[in-house]
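Asker:
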Amino acid sequence: MTTTEVTPSQRYRDSFPTPVEDFAIEGIDVLDVPLHSAVLPPTPAHPGGSGLGYGATREEARTGAMGEMAEMALSLRARQGVQREQGSFAEMTRRHGRDRVADPRELCLEAGSDYSGDRVLQWLPMTRLRDGERVLVPAELVASAPDDLPGDPPPGGWLTTVITNGQGAAFDADRAVTHALLEVLQRDGNATAFRAMDRGVVVDLAGLTDPDALALLDRLDAAGIDVVVKLASTEFGVVDLYAVGCSRDGSEPVPVMATACGEAAHPDRDTAVRKALHEFASARSRKAFMHGPFDVVLPATPPGYLDHWRGGHPPERLVEEDRALQAMLEWTRMGTSALVDLLQDTVLSRRSTVALTDLPSWSGDDLHATVTGAVQAAGHDVLVELQPSAGDAVAAKVVVTGLEVETMSYGRIGERGVRRLVEADAGLAAVGADPGGWARVHLTPAAEERLGGPAWFDRAGADRRVGALYALYREPGRHVVAEVLEK
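According to this note's numbering, the sequence shown is numbered sequentially starting from 465.
So this is what it looks like as structure tokens:
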């Protein structure tokens, strides 16, 4: 008697009590690499979620979509019925002890915001990985979507916009945490190193051995698509890369396809390149699917999909913002050629080269220990919330003290960001006296001492630097652009 092995995508599907709707997205791009959509409609039995996945095979793409869907749905499930404790940082430390409350100043706050140790916040528990102790963290930094925070906010509102950084899903806790932590490292490493701040550090791929990556490079070339892999960081022994590019003849049917980007962070250079390239290739179709007109989307979806989605859909990973919508609409109106011209001095720039073979490689058997060990050895606490399902799947939310994200979009910056911008002479951060009208960076006294004084961030200057590229940072929700175009 033989048994049929259950695929990873089926294990995700079986982890939820209600049916999952999923389908391959095909026919949008000439490249047509595997891209998959998975939707768990919200029901009284379980919160909903949605995800898009990619990969070298259909099963890999389906699994990725199911995993992203699980991250969202399990995050919502974890919030159900949970009471958030309210109090200021000062009050919470008196209640619970300094070691059991995360200092918001170490969690990358918005420069110039009205945070103080006496501001009343709401808090949720996480687990500190190095010792297993319970640590309270501001709720908006534990949440991954606005719907994760039902009920009223604290009296002064939330500290910052909720984002999806630091989520992972797998079939065991260590893998889920590693997935989430690598996302945190990826976003920290490229926070001020790509998009509008692109340094143009090109990776020479000579010596690449991953067969899937090499095959995809051949497919991209045959399809007339130029792609360049760039380096953001190698901190913590993790290779933080991203892939960008566009067609040689400007033939993208939806202009936003030319802004496709694939990001990756992994201790092994070949593994990072493989992920970045596959995410880039699928991002061409993903962006057209998400933000293209309905006449592009409809042929790529099963019958009834759009009517069902427009009639009511599960929560989105993306936060709805008018600024992001307006930026995306402007890209749509300007056309592919003009959009590519807009990207030349930043996203598509090539200023220096680094050899792939000079970047770290890794072939160990415990990725979790390698990555968490490197981060903790550098003095950062890894804070974890596990979000189990009713089946095999488990999701994780990870917050890391001292690491940064969303500097150029939301003005979130801490000690690392200040140091990087000052060392790069970017003209956006300063230490010492206020240059005049800049926003004070929220830092601990110890961080200010290490930097040499109070730090300042030019939020208006950052907005000018981002300019028309804002939709690289924050995207409108699925099919929102199409809805506007149809009105």
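Using N, Cα and C, we set each Cβ at its ideal position, and we do this for glycine too.
What does the alpha-carbon distance come out to for the pair D612 and R712?
Answerer: 43 Å
Asker: Cα-Cα, which of P568, D805, V692 is closest to G551?
Answerer: P568
Asker: Looking at the structure shown, is E785 part of a helix, part of a strand, or coil, going by DSSP?
Answerer: Collapsing the DSSP output to three states places E785 in coil.
Asker: Checking 8 Å against the spacing of the C-beta atoms, do A729 and V702 come in under that value?
Answerer: It is a contact, given that the beta carbons lie within the stated cut-off.
Asker: Out of G621, T698, E535, L705, which has the shortest C-alpha to C-alpha gap to G632?
Answerer: Nearest option by C-alpha distance: E535.
Asker: Does the Cβ-Cβ distance between V945 and L793 come in under 8 Å?
Answerer: yes
Asker: Spell out the partners DSSP gives C710 in its beta bridges.
Answerer: D690.
Asker: Would you call the region 827 to 834 and the region 597 to 612 in contact, with 3 or more CB pairs under 8 Å?
Answerer: no
Asker: I'd like to know if the region 888 to 897 and the region 578 to 590 are in contact, where contact means that at least 3 CB-CB pairs between them fall below 8 Å.
Answerer: No: fewer than three Cβ pairs fall under 8 Å.
Asker: Quick test of your reading: K861 and S608, contact by CB under 8 Å. State the CB separation rounded to the nearest angstrom.
Answerer: About 6 Å separates the two Cβ atoms, so the contact holds.
Asker: Between I492 and the rest of its own chain, which residues show a CB-CB distance below 7 Å, the 5 nearest in sequence each way excluded?
Answerer: S749, A752, F753, V760, A764
Asker: At the level of alpha carbons, what is the spacing between L812 and V858?
Answerer: Looking at the backbone, the Cα of L812 and that of V858 are separated by about 38 Å.
Asker: Along the alpha helix (DSSP H) that carries H742, what are the first and last residues, could you check?
Answerer: 733 to 755
Asker: Buried or exposed: R526, going by 16 or more other Cβ atoms within 10 Å of its Cβ?
Answerer: buried
Asker: Using DSSP bridges, identify the partner residues of E950.
Answerer: DSSP output for E950 lists no bridge partner at all.
Asker: How far does the beta strand (DSSP E) with G513 in it reach, from first residue to last?
Answerer: 513 to 518
Asker: Answer yes or no: do D805 and F635 have a C-beta to C-beta separation smaller than 8 Å?
Answerer: Not a contact, by the Cβ cut-off of 8 Å.
Asker: Within this structure, are the beta carbons of R883 and G576 separated by less than 8 Å?
Answerer: Against a cut-off of 8 Å, the Cβ pair of G576 and R883 comes out as no contact.
Asker: Between the region 911 to 924 and the region 845 to 854, do three or more beta carbon pairs fall short of 8 Å?
Answerer: no
Asker: So what does DSSP say about F700, is it helix, strand or coil?
Answerer: helix
Asker: If the criterion is Cβ atoms closer than 8 Å, does the pair A818 and L672 meet it?
Answerer: Contrary to the premise, residue 818 reads as Val rather than Ala in this sequence. Taking 8 Å as the Cβ cut-off, V818 and L672 do not qualify as a contacting pair.
Asker: Among I877, E485, L789, L669, whose alpha-carbon lies nearest the alpha-carbon of H943?
Answerer: L789
Asker: Apply the 10 Å Cβ neighbour rule to K951 and answer buried if 16 or more other Cβ atoms are within range, or exposed otherwise.
Answerer: exposed
Asker: G900: buried (16+ other C-beta within 10 angstroms of its C-beta) or exposed?
Answerer: When all chains shown are included, G900 counts as exposed.
Asker: Between which two residues does the alpha helix (DSSP H) holding W920 run?
Answerer: Counting along the chain, W920 falls outside any alpha helix (DSSP H), though it belongs to the beta strand (DSSP E) covering 919 to 921.
Asker: Considering only the beta carbon of each residue, do A724 and M872 sit closer than 8 Å?
Answerer: For the pair A724 and M872, the CB atoms are not nearer than the 8 Å cut-off.
Asker: As a quick exercise: from G941, G512, A833, pick the residue whose alpha carbon is nearest that of R594.
Answerer: A833
Asker: By how many angstroms is the C-alpha of Y706 removed from the C-alpha of A640?
Answerer: 22 Å
Asker: Please classify A924 as buried or exposed, where buried requires at least 16 other C-beta atoms within 10 Å of its C-beta.
Answerer: exposed
Asker: For G512, which option in R651, E485, D496, V948 has the closest C-alpha, if you only look at C-alpha atoms?
Answerer: E485
Asker: So, is the C-beta of L885 closer than 8 Å to a C-beta in chain D?
Answerer: Note that chain D does not occur in the displayed structure, where there is just one protein chain.
Asker: Can you look up F635 in the DSSP assignment and give me helix, strand or coil?
Answerer: Assignment of F635 by DSSP, reduced to helix, strand and coil, places it in the coil class.
Asker: Please return the same chain residues whose Cβ sits closer than 6 Å to the Cβ of R541, not counting the five positions on each side in sequence.
Answerer: P511
Asker: Quick one: residues in its chain with C-beta nearer than 7 Å to the C-beta of A687, no 5 flanking neighbours on either side, listed in chain order?
Answerer: V494, L495
Asker: Per DSSP, what kind of secondary structure is W902 in: helix, strand or coil?
Answerer: coil
Asker: Just to confirm my understanding: we take R733, look at its own chain, exclude 5 residues before and 5 after, and list those with CB closer than 7 Å. What are they?
Answerer: V703, L820, L823, P824, S825
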